[in-house]
Each structure stands twice: as C-alpha cells, then as structure tokens.
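The next block holds one structure in the form of structure tokens; read it before the comments.
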Amino acid sequence: MESARQRLEREVHILHAHICEGLGDPKRVLILYFLADGPRNVSELTGMLGVSQPTVSHHLKILRDRGLVRAEREGTSIYYSLSDHRIIEALDLLREMLADLLSRQATMLGAGRSSEESAGATGPPR
Numbered sequence: 012m013e014s015a016r017q018r019l020e021r022e023v024h025i026l027h028a029h030i031c032e033g034l035g036d037p038k039r040v041l042i043l044y045f046l047a048d049g050p051r052n053v054s055e056l057t058g059m060l061g062v063s064q065p066t067v068s069h070h071l072k073i074l075r076d077r078g079l080v081r082a083e084r085e086g087t088s089i090y091y092s093l094s095d096h097r098i099i100e101a102l103d104l105l106r107e108m109l110a111d112l113l114s115r116q117a118t119m120l121g122a123g124r125s126s127e128e129s130a131g132a133t134g135p136p137r
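For the sequence shown, the positions run 12 to 137 when the numbering used here is used.
Structure follows, in structure tokens:
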C-alpha cells in the first residue's frame, strides 16, 4: 500500500514531468525568455518569434496550462508574463549544462581526430 509520502512524491514527479513537457518546444522556451523582460501580448510575441498568431496562442496555452505564464487583460489586449521568474534561472542552468556537454563532446571529437591523425602519420604508407 502506498503511503501518503509516496503518493505525494509520485504527484510531484508527475507535475515535474508536466512542466518539462511545457519546455519541450524551442518556441516556448523563447517565449519564456522574451517574457523575462516584461509582459507581452500575442502580437508582440508573434513579431518576435516570426510565427503566426495561432501558433503563438497555442504555445501560450500550453505554458499557461502548466502554470509557467499568466495572462492579464488590459483593455482589449491580453498581456502574458512569467508566473515565477525562477523558471529563467532553471533554463539558464540547463543552458550551462548543455554548454558543458557540448564542450566535452567537442573535446572528445578533437581527441579522436588527433589520435587518428597521429596513427595515420606513423602508420604504413597507403
């Protein structure tokens, strides 16, 4: 039988995955970075992203459903903003991790090429 603590942990993992799904599209990540500078409406985001208004609205709905952005009406416009600015800190941390990973991969590729080149230089003529 599952304890209350186990149930809570499972629910937290489900919510975590749900939020991560919201980050699963590069356009949604860009929207979050654009909103880090302040509230924006769909028209502004459409111009910034270079995609159609329905596409931006679709991405905003996904971000809203996951609690990552909120919407506030001002006159006839709806402005979107980050629900919690810590999402940008989390995205920045992921970027750092990705940069480190790419750097390690580039180093490994460089080392592989160097060993191939040196083996070719000392190996038998072709």
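Even glycine gets a Cβ: it sits at the ideal position worked out from N, Cα and C.
When you compare each of E100, A82, L104, T66 to S94 by their alpha carbons, which one comes out closest?
Your numbering for residue 94 matches position 83 in the sequence shown. The option with the nearest alpha carbon to S94 is A82.
Would the stretch 73–80 and the stretch 24–37 be scored as touching if the rule is three or more Cβ pairs under 8 angstroms?
Contact holds: three or more Cβ-Cβ distances are below 8 angstroms.
Contact under 8 angstroms by Cβ, L71 with Y91:
The residue given as residue 71 occupies position 60 in the sequence shown. The residue given as residue 91 occupies position 80 in the sequence shown. Taking 8 angstroms as the cut-off, the beta carbon of L71 is found closer than this to the beta carbon of Y91.
Does the stretch 98–118 come within contact of the stretch 50–66, defined as at least 3 CB pairs closer than 8 angstroms?
Output reads no: the stretch 50–66 does not touch the stretch 98–118.
First and last residue of the beta strand (DSSP E) that includes S92?
On the sequence shown, residue 92 is found 81 positions in, with the first residue counted as 1. Going by DSSP, S92 is part of the beta strand (DSSP E) stretching over 88–93.
For T57, which residues from the same chain have a beta carbon less than 6 angstroms from its beta carbon, with the 5 sequence-adjacent residues on both sides left out?
The sequence position of residue 57 within the sequence shown is 46, counting from 1. Q64, V67.
Does R137 come out as helix, strand or coil in the three-state DSSP assignment?
Taking the sequence shown and counting its residues from 1, the one referred to as residue 137 is at position 126. Because R137 carries a pLDDT of 41, less than 50, the predicted location of this residue cannot be relied on, and no value is offered for it.
Give me the residue from I73, T118, E85, R84 with the minimum Cα distance to P37.
Within the sequence shown, residue 37 is the residue found at index 26, counting from 1. The shortest C-alpha to C-alpha distance from P37 to any of I73, T118, E85, R84 is the one to I73.
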